[in-house]
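K.L.:
Below you'll find the structure I mean.
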Amino acid sequence: MKTFVSNRSITGCFKQSALTLALLAGLTASAPAQLLYQWNFDTAVSGTTVAPNVAVGGGGGLTMNYGGVATDLYGPLGGGVSGGAGDRAFANNNNTYNNSAQGGVVQSTAGDMNIGALSQFTLTGWIKADGGFSANTANSFKRLFVIGQGTPDVGSANSIGVATYTANNANGTNSFQLKLGGAGGNIAGPNGGDGLLTGADTLTPFGSGWTFFAVSADLSLTANNVSIYFGSQGSLNSPLTFSFNNAGVAIGSINLGATASALLLNNSSRARGFDGFGDDFRLYSGALDAATVEGIRFAATPVPEPGVGALVGLGLLVVIGAVGRRNV
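82 is the number of the first residue of the sequence shown in our numbering; add one for each residue after it.
Right, here's the structure in full:
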């Protein structure tokens, strides 16, 4: 496999590496967490199915579908976040919003993911908007990552889901949305029935580049219990912190059950699709801290120039050796 060399300057690499080393130094502060499921689309031979890279609870096989037909929606080799020779992404860039006949999705068909109830969780993933996150006034609620019982959607019973949000209200265009579903369905959040919204134009600055997101939640708390991160291939932004509760009472947990399913970049009707690309979607069992989230983001990014990469790698080994081995 060829090693991908980025065009970042040496100065830029050192700046990013310094941030990464500083964050990784705090790895021991995180509560124990486990990577439950991961899909990164890296396969030498494409097709219409996606095998999970990690599936602690079993199952997790996904099917690619476009317009109601099983379709190969793998991007080209080298088209993933890292740009490495074997790195692919899910290519949903031919999706037409609100048109199921021209909608693409990657979804479970068996409902065979045994996850159970999560009082803490972290969702992460990468998205790349076809043409960029341009501001607009038309209503659009594009699904990014939904997981839950039955045939889940954002806000459905026993589910966790994130989406982009653009509506004709004070929360404006290109916000990021988190919705939680309890046994009775959608749980009202800081933004009422819309769950949790990060605010107008949260995503717009990322343009047409690869955009990292992470949602870290501890539902045993009533306040400051959700942290949402955004980043690029070059850096991670400071987290946005929110309070998501059920009328002032801690939600406690979301029961994803023993027959959960996952959907990526659309819903089951293929009418709420994200027009663009997706890569490296993950679900963790714990509320990861900033250091661990940064480790996940950094691990997926382009490899720096060989000379700088050697220095960065040496620094990372020193830090990791000091804090102990940890999987992210």
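Glycine is no exception: its CB is placed at the ideal position from the N, C-alpha and C atoms.
Treat the numbers as computed from the prediction; the structure is a model and nothing was measured.
Closest to R169 by C-alpha separation, out of Y178, G159, G139 and T177, would be which residue?
P.N.:
Looking at the Cα atoms, G159 is the closest of the given residues.
K.L.:
For G156, does the count of other Cβ atoms within 10 angstroms reach 16, so buried, or fall short, so exposed?
P.N.:
G156 comes out buried.
K.L.:
In terms of residue numbering, what span does the beta strand (DSSP E) encompassing R363 cover?
P.N.:
From DSSP, the beta strand (DSSP E) with R363 extends over G357 to Y365.
K.L.:
Relative to the alpha-carbon of P286, which residue among L199, T254, S366 and L116 has its alpha-carbon at the smallest distance?
P.N.:
For P286, the nearest C-alpha among the options comes from T254.
K.L.:
Would you kindly report the start and end of the unbroken beta strand (DSSP E) that includes T245?
P.N.:
T245 -> beta strand (DSSP E) spans S240 to Y246.
K.L.:
Return the first residue and the last residue of the beta strand (DSSP E) that V307 is part of.
P.N.:
Counting along the chain, the beta strand (DSSP E) containing V307 begins and ends at V307 to G312.
K.L.:
Contact defined as beta carbons within less than 8 Å: I believe F355 pairs with N347. What is the distance between those atoms, to the nearest angstrom?
P.N.:
Going by Cβ atoms, the distance from F355 to N347 rounds to 7 Å, so yes, they are a contact pair.
K.L.:
Considering only the alpha carbon of each residue, which of W207, D123 and G338 lies closest to N239?
P.N.:
Residue G338 is the option with its Cα nearest to N239.
K.L.:
From what residue to what residue does the alpha helix (DSSP H) around T373 run?
P.N.:
Its alpha helix (DSSP H) spans residues A371 to A380.
K.L.:
Give the C-beta separation of G138 and N195 to the nearest angstrom, bearing in mind that I take them to be a contact with Cβ-Cβ under 8 Å.
P.N.:
So it is a contact: roughly 4 Å between Cβ atoms.
K.L.:
Quick check: the Cα distance between R164 and P383, rounded to an integer number of angstroms?
P.N.:
Contrary to the premise, residue 164 reads as Gly rather than Arg in this sequence. Going from the Cα of G164 to the Cα of P383 covers about 6 Å.
K.L.:
I need the boundaries of the beta strand (DSSP E) containing M194, first residue and last residue.
P.N.:
First-last for M194: undefined, no H or E at that position.
K.L.:
Suppose only complete runs of 3+ residues qualify. What are the beta strand (DSSP E) ranges in the segment 320 to 346, listed by chain order?
P.N.:
Fully enclosed beta strand (DSSP E) runs of 3 or longer: 321 to 323 and 341 to 345.
K.L.:
For L117 and V135, I'd like the C-alpha separation in whole angstroms.
P.N.:
Those two C-alpha atoms are separated by around 7 Å.
K.L.:
Count the other CB atoms within 10 Å of the CB of Q258; is the residue buried (16 or more) or exposed (fewer)?
P.N.:
Per the 10 Å Cβ criterion, buried.
K.L.:
Does V131 come out as helix, strand or coil in the three-state DSSP assignment?
P.N.:
If DSSP states are grouped into helix, strand and coil, V131 belongs with the strands.
K.L.:
Name the one or two DSSP bridge partners that K260 has.
P.N.:
Looking at the DSSP assignment, K260 forms a beta bridge with G242.
K.L.:
Go ahead and pull the three-state DSSP assignment for F202.
P.N.:
Looking at F202 - three-state DSSP - the assignment turns out to be strand.
K.L.:
CB-CB under 6 Å to G107, same chain, minus the five flanking residues each way: which ones, in chain order?
P.N.:
Because the pLDDT of G107 is 42, which lies under 50, any placement of that residue in the model is unreliable, and the question is left without a value.
K.L.:
Beta carbon of G185, beta carbon of N220: below 8 Å?
P.N.:
In this structure, N220 does not lie closer than 8 Å to G185 by Cβ.
K.L.:
Do S366 and L199 have their beta-carbon atoms positioned less than 8 Å apart in this structure?
P.N.:
Yes, they are a contact pair.
K.L.:
When the Cα of D234 is compared with those of D123, L344 and A114, which residue comes out closest?
P.N.:
Taking only the C-alpha atoms, the option nearest D234 is L344.
K.L.:
Between which two residues does the beta strand (DSSP E) holding S189 run?
P.N.:
Counting along the chain, the beta strand (DSSP E) containing S189 begins and ends at G185 to S189.
K.L.:
Which residue comes first and which comes last in the beta strand (DSSP E) that contains D299?
P.N.:
Where D299 is concerned, the enclosing beta strand (DSSP E) stretches over T292 to D299.
K.L.:
Could you tell me whether the Cβ atoms of N413 and D360 are closer together than 8 Å?
P.N.:
Outside the shown range of the chain (82 to 409) lies residue 413, about which nothing can therefore be said.
K.L.:
DSSP three-state call for F226: helix, strand or coil?
P.N.:
Strand.
K.L.:
Report the three-state DSSP secondary structure of T144 (helix, strand or coil).
P.N.:
Strand, per DSSP.
K.L.:
Select from N327, N318, L317 and A281 the residue whose C-alpha is nearest the C-alpha of L302.
P.N.:
Comparing Cα positions, the closest option is N327.
K.L.:
Taking its Cβ as the centre, do 16 or more other Cβ atoms sit within 10 Å of N305, making it buried, or is it exposed?
P.N.:
By the 10 Å Cβ count, N305 comes out exposed.
K.L.:
If the criterion is Cβ atoms closer than 8 Å, does the pair A210 and S289 meet it?
P.N.:
Yes, the Cβ-Cβ distance between A210 and S289 is below 8 Å.
K.L.:
State the DSSP-derived secondary structure class of F287, mapped to helix, strand or coil.
P.N.:
Helix.
K.L.:
For S215, count neighbouring C-beta atoms within 10 Å of its own C-beta (all shown protein chains included) and say buried if the count is 16 or more, exposed if not.
P.N.:
Classification of S215: exposed, given that the 10 Å Cβ count is below 16.
K.L.:
Just mark D153 as buried or exposed, buried being the case when its beta carbon has 16 or more other beta carbons within 10 Å.
P.N.:
Per the 10 Å Cβ criterion, exposed.
K.L.:
Let me check one thing: in DSSP terms, what residues is Q119 bridge-paired to?
P.N.:
Answer is V135 and R363, bridged to Q119.
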